[in-house]
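There are 2 protein chains.
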Amino acid sequence: MSSVLSDAHLTEGMRSVFVELLVHGPLSRAEAARRLDLSPSAVTKLTKPLLENGYLLHQPLGDRSTMGRPSQPLAVDPARAALIGVKLTEDALFAVRTDLRAEIQHELRRPLISHAVDDVVTRIGEAVRDLTGSGQPPAALGISLAGTASGGDPVVLTSPFLGWRNVPLGDLVAAATGLPAVVENDVRALTAAQQWFGAGVGRSSFALVTVGAGLGCGLVIGDRLVSGAGRGTGLVGHLPIHDNGPLCEMGHRGCARAYASSAAIRRAVASTLDRPGLTFEACLALAGEGQPVARRIFEEAGRALGQVVATVANITGVQLVILSGEAVAMYDVCAEAFDAALTAHTHWTSTPVEVVVKPFTFSEWARGAAVIALQHRILGR
Amino acid sequence: MSSVLSDAHLTEGMRSVFVELLVHGPLSRAEAARRLDLSPSAVTKLTKPLLENGYLLHQPLGDRSTMGRPSQPLAVDPARAALIGVKLTEDALFAVRTDLRAEIQHELRRPLISHAVDDVVTRIGEAVRDLTGSGQPPAALGISLAGTASGGDPVVLTSPFLGWRNVPLGDLVAAATGLPAVVENDVRALTAAQQWFGAGVGRSSFALVTVGAGLGCGLVIGDRLVSGAGRGTGLVGHLPIHDNGPLCEMGHRGCARAYASSAAIRRAVASTLDRPGLTFEACLALAGEGQPVARRIFEEAGRALGQVVATVANITGVQLVILSGEAVAMYDVCAEAFDAALTAHTHWTSTPVEVVVKPFTFSEWARGAAVIALQHRILGR
DNA sequence: ACAAATTTGTTGATGATGTCAAGGAATGAA
DNA sequence: TTCATTCCTTGACATCATCAACAAATTTGT
């Protein structure tokens, strides 16, 4: 049983069945056939080699309420392969090891002292080794970071905060680790994770809006992750909100980022209260306690965020928007302002936007990278 | 030679070759094979029945500069079938008859006195008869109008300005004319026309922004026309531009529509100059002559439009935006303001947006409807 | 208890569709 | 004239999904 998801000569049909079972949980052959618009016999034939190779397992029978022969649910064996996901930030490296359903098994965090390409590649290699240990070698590796990483299987990336331009990070890491490696923008990676294993399951189109150090937006339209070639997608951070709002780092007045990024919120609360040492979490706590300055600033942030979400939904037509990111906890203290702004700016001819708030931990970024690796490995792009 | 594009039992492969030749002009078999990632032999086999049925024609040989046996270009015979496109407005019906490449052959305009469904269906039937005459019967019919018409092959539509809700217009017209009929939102129809026969050819993603009575936006992402199910797409009309701008019809302050719609511009110029009878065209002429009020108002419109285009490009990541619509001529008098706003609001990490301004005549709306009919007929959705 | 109905899953024959290998056709270059 | 090159075609072959038939496992009804 050699390298995973590659030797078994996965045909197109087998891939589609595998993905359907991976994403939509255990399904009987008959149900899979209906969903994929295939004949039952085709599913039988396609699943046979997958079962033999251990990719699929028979599940214990579930409900027995229906008539006729009970169905035999099939499911992907999540332990059949492992994936590595790495998220790079300016000063740290987060890595996770996940199973095939992107459930995190191990994680680690390492400081990133040097931004030299070789050093980063070495650090990633060490992290992979430490996460792998004596276990089965991972099937693939994904790397995510902020910046305009190219979409798909990209070999070349440009990252402002690392000071990189046209670095073939994927190839370098692949050479250093011996694993197939891909690089992707972090927000898109997170979007991919939601598409296959999160709130986006079963939705052919949705948007993910992240709030944290900045604002981000990922799109899935027509079952495909949108990746603007050359241009980034989801650049919502500098959407103008008010003419006379606060300034952002780029000198824009009243843009979304100047209202809703965690940095902007922290700055605003800290400077108004003249407590320069305040962290974002402390600001959040203050707002939770009803401190008026903090409350007001979070309220304005919620309003800005609501307008961002409404604008994204109006332009793209998505019905579902997932809220996530390091600072998504702010939703709790600004829900009313958010909802009011969302409703006010949603086009009146449209059905209301569904908003799902995803609790967030930092390892989600790395998990997204693992999903990118998985998708690339299975779909071949 | 019976009904077109249906009897010949078009297989999937034949469809793809046909569309490739239809959209990308004359191509040799070898070139088509390369583009479609097929073997040359496959193209030979797929084109044979299409040639026999008259869908394809051999073109006279073009350049003979290369080595080897000269290629034999194939092209779709545009006269092999005709299409009807109908655009409905509040007070008129525009209809065109086109060939397979959506070139307009005949067009007509009829007043729409009654909004009763039966009357409209009858009017459409008359228009089709008049356009068909004694010529070959059209292969399909498309209808476009403003409002949230469902996407694709829709049978049911909701139109605010006609006062319709859930009218199965496609089925009714199909029954009345005997032709396969589909309904689509007008902006999406125009977008489809640009995708196959306009500035969008060869682009897998682009946006179309229309300016006229309102603002509209159509999207093609990943080679597919985006149609928000339930929610409309491209609802850019009420994008906030300034906090203290003019009011739109919905009571929004300073939204894009209040700046850049032809109605808003006309109102602003006419009321400021106290010349209530001014038409939009007259306003445009005034601005062209340098009349300061008109110039300023068009300048602000251009600024708003530039911001709309930038926002669409930032969120969707499209690299190309096509400008069109009845009032697109305004671009000439506000190009600097438009470009400045576009650059200012374009995310700085991105490559610049390409903007293509399409001169517009009203029959383009109906032509778009014809393209929708064509796409639906060929692709089956 | 037993038969009928119902749904699932399997198997082999069939048909559709594309590739491959081979070769013919039409040209430019040596 | 001969060769290299590119285009196009043909028939053998492989792949893959459907279809029809049937076996399997259960509920329902008598």
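Protein chains in written order, with the numbering used here: chain A, 206 to 586; chain B, 206 to 586.
Virtual Cβ for every residue (Gly too), placed ideally from N, Cα, C.
All of these numbers come straight from a predicted model, not from anything done at the bench.
Going straight from the alpha carbon of residue i to that of residue j, what length do you get?
i        : j        : result
B:Ile426 : B:Val523 : 8 angstroms
A:Met455 : B:Leu420 : 29 angstroms
B:Ala542 : A:Arg328 : 49 angstroms
A:Gly230 : A:Val560 : 23 angstroms
A:Val526 : A:Phe411 : 6 angstroms
A:Trp570 : A:Ile289 : 12 angstroms
B:Pro481 : A:Glu494 : 57 angstroms
B:Cys460 : A:Leu510 : 18 angstroms
B:Leu262 : A:Asp428 : 37 angstroms
A:Ser207 : A:Leu255 : Its pLDDT being 42, under 50, A:Ser207 is placed unreliably in this model, and the value from its coordinates should be taken loosely. Whole-angstrom Cα-Cα distance: 14 angstroms.
A:Ala157 : A:Leu298 : As shown, chain A starts at 206 and ends at 586. That puts residue 157 of chain A outside it, with no answer to give.
B:Leu317 : B:Val281 : 36 angstroms
A:Leu491 : A:Leu478 : 11 angstroms
B:Gly407 : B:Ala397 : 13 angstroms
B:Glu389 : B:Gln399 : 15 angstroms
B:Ala499 : B:Cys422 : 26 angstroms
A:Thr303 : A:Ala575 : 7 angstroms
B:Pro283 : B:Lys292 : 22 angstroms
B:Thr363 : B:Arg370 : 4 angstroms
B:Glu505 : B:Val392 : 24 angstroms
B:Met219 : B:Lys253 : 10 angstroms
B:Ala501 : B:Ser476 : What sits at residue 501 of chain B in the sequence shown is Arg, not Ala. So the two alpha carbons sit approximately 14 angstroms from each other.
Skipping 5 residues on each side, what residues in its chain have a beta carbon closer than 6 angstroms to that of residue i?
i        : result
A:His550 : Gln512 and Ala515
A:Leu579 : Leu288
B:Ala532 : Val416, Gly417 and Ser467
Classify residue i as helix, strand or coil using the three-state DSSP reduction.
i        : result
A:Ser221 : helix
B:Ala286 : coil
B:Cys453 : coil
B:Ser207 : With a pLDDT of only 42 at B:Ser207, under 50, the local geometry of the prediction cannot be trusted, and the value read off the model is given with reservation. Three-state DSSP puts B:Ser207 in coil, outside helix and strand.
B:Gln580 : helix
A:Glu257 : helix
A:Lys563 : coil
B:Trp369 : strand
B:Ala397 : helix
A:Thr337 : helix
B:Ser529 : strand
B:Glu389 : strand
A:Glu312 : strand
A:Ala351 : coil
B:Leu483 : coil
B:Ser276 : coil
A:His550 : helix
B:Thr556 : coil
B:Arg471 : helix
A:Ala300 : strand
Can you list the residues of chain A that residue i reaches, using a CB-CB cut of under 7 angstroms?
i        : result
B:His447 : Asp448
B:His229 : Within 7 angstroms Cβ-Cβ: nothing; B:His229 doesn't reach chain A, min ~20 angstroms.
What does a CB cutoff of less than 7 angstroms around residue i pick up in its chain, not counting 5 residues either side in sequence?
i        : result
A:Arg462 : Gly419, Leu420, Gly442, His443, Cys453 and Ala469
A:His320 : Leu367 and Gly368
A:Tyr536 : Leu528, Phe543 and Val562
A:His214 : none
B:Pro365 : Gly352
B:Leu313 : Ala300, Ala332, Asp335 and Leu336
Who are the near neighbours of residue i in its chain, counting only those whose CB is closer than 8 angstroms to its CB and skipping five residues on each side?
i        : result
B:Thr556 : Gln524
B:Gly338 : none
A:Arg471 : Leu483, Thr484, Phe485 and Cys488
A:Glu225 : Leu232, Ala237, Arg240 and Leu241
Since residue i meets chain B, which of its residues come closer than 9 angstroms, beta carbon to beta carbon?
i        : result
A:Val429 : Note on identity: in this sequence residue 429 of chain A is Arg, with Val being the wrong assignment. Here the neighbours are Ile426, Gly427 and Arg429.
Using a Cβ cut-off of 9 angstroms, pull out every chain A residue sitting near residue i, in sequence order please.
i        : result
B:Leu298 : Going along chain A, no residue has its Cβ under 9 angstroms from B:Leu298, so there is no contact; the nearest lies around 23 angstroms.
Determine the chain B residues that contact residue i at a beta-carbon separation under 7 angstroms, and present them in chain order.
i        : result
A:Ser349 : In chain order: nothing, as chain B lies at least about 16 angstroms away.
A:His581 : Those within 7 angstroms of A:His581 in chain B number zero; the least Cβ separation is about 17 angstroms.
Whose Cβ in chain A lies nearer than 8 angstroms to the Cβ of residue i?
i        : result
B:Leu444 : Thr516 and Asn519
What I want to know is whether the C-beta of residue i ends up closer than 7 angstroms to one or more non-hydrogen atoms of the ligand NAP.
i        : result
B:Gly259 : In the structure on display, the ligand NAP does not appear, and there are no ligands present to speak of.
What are the uninterrupted segments assigned as alpha helix (DSSP H) that are 4 or more residues long and contained completely in the stretch 483-509 of chain B, given in chain order? Segments of the alpha helix (DSSP H) lying fully in the stretch 483-509 of chain B: 485-494.
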